[in-house]
Ligand code: SAH
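In the numbering used here, the protein residues as written are 134 to 474.
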């Protein structure tokens, strides 16, 4: 059955046309779903009983069940949500001084195979639909009785490998008649699927693009991320420059530091040479150790030296605060494993 949360307002108006209903019905439904956040068509009391029945016959309202919830000492919460088809996904809620941020998953499993990431090794099952992406935020808002201000597409999966659904989910989240999360408060992170970066640029969406770079050296990057063998750093940078020119927006480069792998001054120097003059920001992340992973966290001393080298050479870099590592909710630690525990 179709999921009513898969439609942005304009598409929902089209759906209403198909049902021979007036377009303003779509506005009413949209408000019920994303402002009042009701869980059933029965609660949509300004719709006729007949229309509610028609909606029930044609659509599901994708409500998740909370299979498991873990809370970190720092307030971060990790959810394992059960989906309607029996699959499960992880989503994380983080508290920052500027508000609440949700890290959403975009695929059940991931095909990218990055060597340092816990999501590697989960067999790819399917893409997460737009409605299911949006529902991750709604379910968290309801469970915490809060308003989420920021969304990062950094959970399990590769957003650019589920492009249409991600773009549509952003439109739904962004709509001021519903969730009303400003594009500037949304970040999409990619391992570097070059053709999709061009497409993303052409859409001119005002959200932040994050690139998981992790090394400025093709040999090292390829050893960490198989995607680099398909699209190397040169091609990736061309796409990034196209994005910056087209949107006038700063790119955020993610760089997870692993001891003796990509954390030496020579690596920092290569990074400066690569990014010099670009409108960008570098986010340094102490790499999180994952089960069976070969990478070790860099020392804080090395990370600070790395940051200082970048900053002293004209590249804005900050060290990302680690959240939720005690509940395996930090970067790269998501893997649905709790289902089996
Ligand atoms: N597939 C997308 C989004 C999911 S990963 C991407 O690759 O960007 C979200 C971020 O966490 C990426 O920057 C990824 O490289 C990083 N990450 C993955 N495993 C990590 C680990 N073990 N330690 C630190 N960061 C990690």
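All C-beta atoms, glycine included, are put in the ideal place defined by N, C-alpha and C.
Residue i - partner residues in DSSP beta bridges
i           : result
residue 450 : 415
residue 430 : 391
residue 240 : 260
residue 164 : The partner list for residue 164 (beta bridge, DSSP) is empty, contrary to what the question assumes.
residue 193 : 136
residue 226 : 210, 235
residue 215 : 198, 221
residue 283 : 234
residue 320 : 285, 341
residue 385 : 343, 414
residue 188 : According to DSSP, which records beta bridges pairwise, residue 188 is partnered with nothing at all.
Any non-hydrogen atom of the ligand SAH within 7 Å of residue i CB
i           : result
residue 423 : yes
residue 315 : no
residue 347 : yes
residue 292 : yes
residue 401 : no
residue 450 : no
residue 223 : no
residue 341 : no
residue 198 : no
residue 209 : no
residue 227 : no
residue 464 : yes
residue 330 : no
residue 250 : yes
residue 389 : yes
Buried or exposed by the 16-neighbour rule on C-beta atoms within 10 Å, applied to residue i
i           : result
residue 428 : buried
residue 226 : buried
residue 176 : exposed
residue 387 : buried
residue 336 : exposed
residue 323 : buried
residue 339 : exposed
residue 281 : buried
residue 168 : exposed
residue 401 : buried
residue 316 : exposed
residue 332 : exposed
residue 473 : Per-residue confidence for residue 473 stands at a pLDDT of 42, beneath the threshold of 50, marking its modelled position as unreliable; no derived number is given.
residue 256 : exposed
residue 229 : exposed
Assumed close pair residue i, residue j - CB separation to whole angstroms, cut-off 8 Å
i           : j           : result
residue 187 : residue 216 : Their Cβ separation, rounded to whole angstroms, is 25 Å, which puts residue 187 and residue 216 out of contact at 8 Å.
residue 252 : residue 457 : Going by Cβ atoms, the distance from residue 252 to residue 457 rounds to 15 Å, so no, they are not a contact pair.
residue 351 : residue 264 : 39 Å between Cβ atoms; not a contact.
residue 440 : residue 416 : Contact flag wrong, Cβ pair sits at about 10 Å.
residue 224 : residue 243 : Wrong, their Cβ atoms sit about 15 Å apart, outside the cutoff.
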